[in-house]
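In my numbering, the protein residues as written are 111 to 200. Glycine is no exception: its CB is placed at the ideal position from the N, C-alpha and C atoms. Note that the structure is a prediction, hence the values are computed from the model and not measured. All remarks here apply to the structure that follows.
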């Protein structure tokens, strides 16, 4: 079988255009990378979920939340959590 001949036009060589930047001028700064909405948030969520250094340990916090939620005084829930946070800081 005979080799195929290319039907495409020959590539043109581009000449460098004279630019506005002269020798000695500072280099232009690159724009910062923009991620799509939610991409950075998902990355941060994955990072925090993989991290084992928690502010409060999981089981004591779960016990506290379940105890607070079983009480009949739901309006005090936020108050109990704030008290627990201050108790944990001391």
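In the DSSP annotation of this structure, the continuous segment of the alpha helix (DSSP H) that includes residue 155 starts and ends at 149 to 160.
Measuring C-alpha to C-alpha distances from residue 172 to each of 121, 194, 136, 143 identifies 194 as the nearest.
Within the same chain, no Cβ atom closer than 8 Å to the Cβ of residue 167 is found once the five residues on either side in sequence are excluded. DSSP, reduced to helix, strand and coil, places residue 131 outside both helices and strands of the structure shown, so it counts as coil. Per DSSP, reduced to three states, the secondary structure at residue 177 is helical.
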